[in-house]
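Each protein sequence line maps, in turn, to chains U and S. With this note's numbering, the residue at position 227 of the first sequence is 227, and numbering never jumps. With this note's numbering, the residue at position 64 of the second sequence is 391, and numbering never jumps. Notes follow the structure.
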Amino acid sequence: MLALLAVGVAMVVVTAPPPAEDRAQAIGSQVRCPVCQGEAIVDSPSETARNMMDLVRARIDEGLTDQQIIDELLTSYGGSLLLNPPARGATLWLWLAPLVALGVGTAMVARRFHAAPADLLPAAAAPPVSPTLSRRWIWGAAVLVLGGAVAVATVGQFQQARPEDQSLSGVAGEDFDPDSVSNETLEAVVAANADNPAINGMRLALANRYFEEGNYQQAFGHYEIVLDNQPAPNEAANAFTRLGWMVFDGNGEADLGIELIDRGLELVPNDAFAIYLKGRIIWCGQGDADTAADLFSSVLSSTGLDAEIQDRVETDLAAAAAGEDCQ
Amino acid sequence: MRWARIGALALAAGAVVLAVIFSTRFGNDPNLVPSPLLGQPAPTLALPLLDGSGQFDPSVLEGRVVVVNFFASWCVPCREEQVDLTATANAFASREVIVVEIAYQDAAENALAFLNETGASPDAIYLADPDGRAAIAFGVFGIPETFFVATDGTVVGKALGATDALVLGSTIDAVLAGERPGQQVLGETFDGPGS
């Protein structure tokens, strides 16, 4: 009786369906995240992928089969959503071509081994390589190449040409010029997303524009919001550096300016622009031309410097090294 | 030897064919596959109203031409087309055409602030899509995306990128006349905040 019970339990364990989460992961690994580059929804951190995984889990809870769930997603996104194209219809070739190639290759190798005893003869006694053998090799290779060509051409039928003057899918086109977006438009976008850390980059771009224009009043507020809005280290460093320069350039507060720039340099050490601005404050605000010249030299030794900055630093270095006052 | 020459020729020809295919086929966008929803029944829009005042009753849409637009406050082209969507909703209200705008991956308060600023129509319907189900059901890749649904509930048109009054008006006229405009690509789309 106990043995029967044990067998019964074992059968239940063996035949039990996989846990729901395992099924969700398995489905998620087959489905391409529509807003990513060749990534499965189970691997992608994007909100779209997370929503799709939640949908998959909900449908499993509702009792749908794996195929029903995948079909639901394909109904709205189409077959290109699958990471592996289906082995039927026009994409059948993609699956058959490697099998055909493997078959042809095996046949050729088999024929070669069949002829092997001849190789045991001394070289002088070996018969010349049969012309039929090399013919077979060439035919095999030709079949492989043509099979590959057919496979690639078939894939192409499922795509449309990207329009030359437009960009899609969130990837900006080559001729998209971010500078064409006006300050007013950027203001409106960042205003509508006041507390969204995802747009810190956009807000910094806007603040940097104001900074470059010398519009410190507008720039100040945006840098402060970025610092309050969970910035990434490079974003915070960008804001600290420019805030530091502005409190010096605008209000003459050299010590505070250097302190702010140093906070940025703690986050992103060796930032050339930050070191340059720090040198400017030490030179122009504290009158220490020697220290400034050292800093300018270290900036020039860094690589990948913007050409315009390089010009400015070289000019300032020459003046500071000569002990001149800053301009 | 003759066979070897023919074989070499076949190899070379195959290589050329491959080269041509590789050089022309790459760079295509798999997201540009025509929406499989075209010609199919539109997904049901049983969603909460964006202003939080309750649940939308999708039976309101029955027998009407419906323009379904996915937008977000973080989407730059959405800002361009919002004025024209509002104008279209006003202009076509008397012809049994209804514009439904669905906030895509956006906080309701941000989407409402966007509408308060860029303008909204009393004749249009604004919905939230908190778990993205509507966006998935419509197969949204990136916004703005706009779908056109005929009076029988079939999806007959889709526009990727920012629309304008001309595109909206002419497409709606075509749908009202019983045509199926299909898919058109108008410009850039954004797939998420910060993109």
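Virtual Cβ for every residue (Gly too), placed ideally from N, Cα, C. Computed from a predicted model, the values in this text were never measured in an experiment.
Using 8 Å as the Cβ pair cut-off and three pairs as the minimum, do the segment 137-147 of chain U and the segment 336-343 of chain S touch?
yes
Can you look up S:L374 in the DSSP assignment and give me helix, strand or coil?
Against the second sequence, residue 374 of chain S aligns to sequence position 47. In this structure, S:L374 counts as coil in the three-state DSSP scheme.
Between the Cα of U:Y210 and the Cα atoms of U:P231, U:A232, U:L243, which residue gives the shortest distance?
For this step, residue 210 of chain U is matched to residue 210 along the first sequence. The residue with the shortest Cα to Cα distance from U:Y210 is U:L243.
Using a Cβ-Cβ cut-off of 9 Å, state whether U:P85 counts as contacting chain S.
Here residue 85 of chain U refers to the residue found at position 85 of the first sequence. For U:P85, no CB of chain S lies under 9 Å from its own CB, so it is not counted at the interface with that chain.
For U:A293, which residues from the same chain have a beta carbon less than 7 Å from its beta carbon, with the 5 sequence-adjacent residues on both sides left out?
Mapped onto the first sequence, residue 293 of chain U falls at position 293. Close CB contacts of U:A293 within its chain, under the 7 Å cut and outside five residues either way in sequence, are with L317, A320, A321 (chain order).
List, in order along the chain, the chain U residues whose C-beta lies closer than 9 Å to that of S:Q409?
As a working note, residue 409 of chain S is residue 82 in the second sequence. By Cβ distance, chain U contributes nothing, its closest Cβ being about 11 Å from S:Q409, past 9 Å.
Rounded to a whole number of angstroms, what is the C-alpha to C-alpha distance between S:D491 and S:D411?
Residue numbering aside, residue 491 of chain S sits at position 164 when the second sequence is read from its first letter. Residue numbering aside, residue 411 of chain S sits at position 84 when the second sequence is read from its first letter. Taking the straight line joining both Cα atoms gives about 6 Å.
Quick one: which chain U residues come within Cβ less than 7 Å of S:V344?
Position 17 of the second sequence, counted from the first residue, corresponds to residue 344 of chain S. When 7 Å is used as the limit between beta carbons, S:V344 is near these residues of chain U: A149, in chain order.
Starting from S:G509 and walking both ways along the alpha helix (DSSP H), at which residues does that stretch end?
Here residue 509 of chain S is taken as the residue at index 182 of the second sequence, counted from 1. Element bounds for S:G509: not the alpha helix (DSSP H) but the beta strand (DSSP E), 509-512.
Can you tell me which of the three DSSP states S:L454 falls into?
If you number the second sequence from 1, residue 454 of chain S lands on position 127. Here S:L454 sits in strand by DSSP.
Here's the rule: buried if 16 or more other CB atoms are within 10 angstroms of the residue's CB, otherwise exposed. What is U:A20?
Position 20 of the first sequence holds residue 20 of chain U. It counts as exposed.
Give me, in chain order, the residues of the same chain whose beta-carbon lies closer than 7 Å to that of U:G147; leave out the 5 immediate sequence neighbours on both sides.
Counting from one through the first sequence, the residue named residue 147 of chain U turns up at place 147. Closer than 7 Å at Cβ, skipping near neighbours: A97, V100, A101.
Hey, is the segment 384-403 of chain S in contact with the segment 419-433 of chain S, meaning 3+ C-beta pairs nearer than 8 Å?
The segment 384-403 of chain S vs the segment 419-433 of chain S: in contact.
DSSP puts S:V476 in a beta bridge; with which residues?
Within the second sequence, the letter at position 149 stands for residue 476 of chain S. DSSP lists S:V393, S:V482 as partners of S:V476.
Roughly how far, in whole angstroms, is the beta-carbon of S:T405 from the beta-carbon of S:P471, given that I think they are within contact range, below 8 Å?
Walking along the second sequence from the start, residue 405 of chain S turns up at place 78. Walking along the second sequence from the start, residue 471 of chain S turns up at place 144. Here residue 405 of chain S turns out to be Cys, not Thr, going by the sequence shown. Rounded, the Cβ-Cβ distance is 5 Å, consistent with contact.
Compute the Euclidean distance between the alpha carbons of U:L94 and S:P370, then round it to the nearest angstrom.
Reading the first sequence from its first residue, position 94 is the one you call residue 94 of chain U. Reading the second sequence from its first residue, position 43 is the one you call residue 370 of chain S. Distance between the alpha carbons of U:L94 and S:P370: 32 Å.
Mind checking if U:E47 is an interface residue toward chain S, Cβ cutoff 9 Å exclusive?
The residue labelled residue 47 of chain U in the question sits at position 47 within the first sequence. Answer yes: the Cβ-Cβ gap between U:E47 and chain S drops below 9 Å somewhere.
Are there three or more Cβ pairs, one per stretch, closer than 8 Å when the segment 259-278 of chain U is compared with the segment 298-305 of chain U?
yes
Which one of S:L377, S:A477, S:S497 has the shortest CA to CA distance from S:L365?
In the second sequence, residue 365 of chain S corresponds to position 38, counting from 1. Nearest of S:L377, S:A477, S:S497 to S:L365, Cα basis: S:A477.
Is the beta carbon of U:E212 closer than 9 Å to that of U:V226?
For this step, residue 226 of chain U is matched to residue 226 along the first sequence. For this step, residue 212 of chain U is matched to residue 212 along the first sequence. Not a contact, by the Cβ cut-off of 9 Å.
Please compile the residues from chain U whose C-beta is within a distance smaller than 9 Å of the C-beta of S:N437.
Reading the second sequence from its first residue, position 110 is the one you call residue 437 of chain S. What S:N437 touches in chain U: A192, N193, A194, D195, N196.
At a Cβ threshold of 9 Å, is U:S29 touching chain S?
As a first step, residue 29 of chain U must be located in the first sequence, where it is residue number 29. Chain S contact via Cβ: absent.
Determine, using beta carbons only, whether S:F398 comes closer than 9 Å to chain U.
Numbered from 1 along the second sequence, position 71 holds the residue referred to as residue 398 of chain S. No - not a single Cβ of chain U is within 9 Å of the one on S:F398.
Kindly say whether U:I309, judged by its beta-carbon, lies nearer than 9 Å to any beta-carbon of chain S.
Translated into positions along the first sequence, residue 309 of chain U becomes position 309. It does not; no Cβ of chain S falls within 9 Å.
Please tell me whether S:E444 has its Cβ less than 9 Å away from any Cβ of chain U.
Here residue 444 of chain S refers to the residue found at position 117 of the second sequence. With 9 Å as the cut-off, S:E444 counts as an interface residue toward chain U.
Mark S:V343 as exposed unless 16 or more other C-beta atoms lie within 10 angstroms of its C-beta, in which case mark it buried.
Reading the second sequence from its first residue, position 16 is the one you call residue 343 of chain S. Exposed: under 16 other Cβ atoms inside 10 Å.
Does DSSP put U:I41 in a helix, a strand or coil?
Residue mapping note: residue 41 of chain U aligns to position 41 of the first sequence, counting from 1. Coil, per DSSP.
In three-state terms, what does DSSP make of S:E428?
Here residue 428 of chain S refers to the residue found at position 101 when the second sequence is read from its first residue. Residue state, collapsed to three classes: strand.
Reducing DSSP to helix, strand and coil, say where S:P368 ends up.
On the second sequence, residue 368 of chain S is found 41 positions in, with the first residue counted as 1. DSSP places S:P368 in strand when its eight states are reduced to three.
When the distance is taken between beta carbons, is U:I41 closer than 9 Å to U:D66?
Reading the first sequence from its first residue, position 66 is the one you call residue 66 of chain U. Reading the first sequence from its first residue, position 41 is the one you call residue 41 of chain U. Against a cut-off of 9 Å, the Cβ pair of U:I41 and U:D66 comes out as no contact.
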